[in-house]
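Novice:
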Amino acid sequence: MVDLAAFGAVAGILLAALEGGQQMTKSELIAELATVNPHLTGRDVELIVATIFDEITAALARGERVELRGFGAFTVKRRDARTGRNPRTGAAVQVDQKVVPFFKAGKELRERVNRGRPTRLSQQAHASA
873 MVDLAAFGAV AGILLAALEG GQQMTKSELI AELATVNPHL TGRDVELIVA TIFDEITAAL
933 ARGERVELRG FGAFTVKRRD ARTGRNPRTG AAVQVDQKVV PFFKAGKELR ERVNRGRPTR
993 LSQQAHASA
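With the numbering used here applied, the sequence shown corresponds to residues 873 to 1001, in that order.
1. Report the residue ranges of all alpha helix (DSSP H) runs contained in full by the region 949-989; include only those spanning at least 4 residues, in chain order.
2. Compute the distance between the beta-carbons of Ala-963 and Thr-955, then report whether it is under 8 Å.
3. Quick one, are the C-beta atoms of Ile-920 and Leu-901 less than 8 Å apart?
4. Give the secondary structure of Phe-925 by DSSP, where H, G and I count as helix, E and B as strand, and everything else as coil.
5. Grouping DSSP H, G and I as helix and E and B as strand, with all else coil, what is Thr-913?
6. Tell me the DSSP secondary structure of Gly-944 in three-state form.
7. Suppose you measure from the CA of Asp-875 to the CA of Val-985; what does that come to, to the nearest Å?
8. Just to confirm my understanding: we take Gly-978, look at its own chain, exclude 5 residues before and 5 after, and list those with CB closer than 6 Å. What are they?
9. In whole angstroms, give me the CA-to-CA distance for Thr-929 and Leu-940.
10. Exposed or buried, which one is Glu-983 when buried takes at least 16 other CB atoms within 10 Å?
11. Which residues in the same chain as Thr-947 place their Cβ atom closer than 6 Å to its Cβ, once the five residues preceding and following it in sequence are excluded?
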C-alpha cells in the first residue's frame, strides 16, 4: 500500500513542472521526490513512483477511472473498428476495435498551466496599445 501523501507529492511535482513548461522523465520525477523527501532512500522513492504508476495502469486495465484531485483523471475510451488506409500504398486496411488510455486535466492543473500565459484577448489588447 502506498502512502496517500506520496500521490500528492507526485502530483505536486508534476504540476510544478507543467507550470514551468518543463518536460519531466520518470527518473527526473524520482530524483525530485528524493530531494524533497530526504528521509526516504532513492530506492524507496523509486518503489513509490513505480507503485503509483502500476496502480494507475492496473485500474485502467480493469476499466476503472483514476482521479487525482486537482491534477486530473485517467480513463479508458473505446475506439470502434473502422476501415483505415495504409499511408504508403493507400490500400484499405481493417482496424480492429481498441481501448486507449485518456487523460483529462483537472481544473487546478488547467488554471496553473494557463496562469502566466497570455490569452488571445490580452495579446490583442497588448498589440493594440
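We put the beta carbon where it would ideally sit given N, CA and C, even for glycine.
Predicted, not measured: the structure shown is a model, and the values here were computed from it.
Specialist: According to the data block:
1. 979-986
2. no
3. no
4. helix
5. coil
6. strand
7. Residue placement at Asp-875 is poorly supported in this model, since its pLDDT is 48, which falls under 50; the coordinates still yield a value, given next. Computed Cα separation, rounded: 27 Å.
8. Gly-942, Phe-943 and Gly-944
9. 14 Å
10. exposed
11. Arg-937 and Phe-974
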